[in-house]
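Engineer: Position in the sequence shown (first residue = 1) + 380 = this note's numbering. Cβ coordinates follow ideal geometry from the N, Cα and C atoms, glycine included. Could you have a look at this structure, given as structure tokens, before my questions?
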Amino acid sequence: MDIIQTKDPKFVLRFATPDDAGLVLDFMRQLGTYQKMRDKITATQDDICKLLTDKRGEAVLGSYNGKAVGFVFFYQNSSAFTGQTGLYIDGFLVDDTMRFKGLGKTMMAFMSKLALERGCQRMEWGCLDWNEPTIKFYRDLGATSIDAMTIFRFTPDALEKNASLF
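Given below as structure tokens:
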């Protein structure tokens, strides 16, 4: 487990391993609670372990004074629209007791560096429309939003229904 030292000697990052699946799931549940969507977090520890094992997703964990206080769950993607590769952040959270210490900014800086090291030209993520403090945080970092688009999703049931039409 390689430790990545940040500018703050008390704050370190490391990539999660499949053994960290429970911790990643705990952070996802905290994120779901913060987003008022806790009931939408249906992943299990085995699900997260499989994603990490199969390299279908990755996570970076942030620890402050030895205590895990933040995470980023992400995966690499690409776009035929832009012809670019990118990282998509599916989950990002800094524990509410540790906010406003620059830890989130450090984690986003690390993710930006990682994207560039992997040859990506972009990094994307979603943010709920009502979450003004987080929107401000992202905009202050220089992020722009794509407001002219609505994200659509097929649930497992809809996938089955649509697949049966083929």
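Can you check which of these residues, 497, 539, 489, is closest to residue 522 by C-alpha distance?
Structural biologist: 489
Engineer: Where does residue 453 fall in DSSP's three states?
Structural biologist: strand
Engineer: Note the first and the last residue of the continuous alpha helix (DSSP H) segment covering residue 545.
Structural biologist: Residue 545 -> no alpha helix (DSSP H), and no H or E assigned at all.
Engineer: How long is the line joining the alpha carbons of residue 412 and residue 505, rounded to whole angstroms?
Structural biologist: 15 Å
Engineer: For residue 395, which beta-bridge partners are listed by DSSP?
Structural biologist: Its beta-bridge partners are 440.
Engineer: Please confirm whether residue 449 and residue 396 have their CB atoms less than 8 Å apart.
Structural biologist: no
Engineer: Under 8 Å, do residue 473 and residue 454 count as touching if we go by C-beta distance?
Structural biologist: Contact flag unset, no.
Engineer: Pick out the complete beta strand (DSSP E) segments inside the region 482-528, 3 residues or longer, and give them in chain order.
Structural biologist: With a minimum length of 3 residues, the continuous beta strand (DSSP E) runs that stay inside the region 482-528 are 502-505.
Engineer: Check this for me: beta carbons of residue 433 and residue 398, under 8 Å apart or not?
Structural biologist: yes
Engineer: On the three-state DSSP scale, how would you describe residue 477?
Structural biologist: Taken through DSSP and simplified to helix, strand or coil, residue 477 comes out as helix.
Engineer: Quick one: grab the DSSP three-state call for residue 530.
Structural biologist: coil
Engineer: Whole angstroms are fine: how far does the CA of residue 420 sit from the CA of residue 544?
Structural biologist: 25 Å
Engineer: Using a Cβ-Cβ cutoff of less than 6 Å, which residues in the same chain neighbour residue 519 once the five nearest sequence positions on both sides are dropped?
Structural biologist: For residue 519, where only same-chain residues beyond five positions count, there are no Cβ hits under 6 Å.
Engineer: Any idea if residue 534 is buried or exposed, counting beta-carbon neighbours within 10 angstroms, 16 or more meaning buried?
Structural biologist: By the 10 Å Cβ count, residue 534 comes out exposed.
Engineer: Tell me, to the nearest whole angstrom, how far the beta carbon of residue 503 is from that of residue 487; I am working on the premise that it is less than 8 Å.
Structural biologist: About 12 Å; that fails the 8 Å criterion.
Engineer: Report yes if the C-beta distance between residue 442 and residue 483 is below 8 Å; otherwise report no.
Structural biologist: yes
Engineer: In the DSSP output, what is residue 472 paired with across the bridge?
Structural biologist: 452
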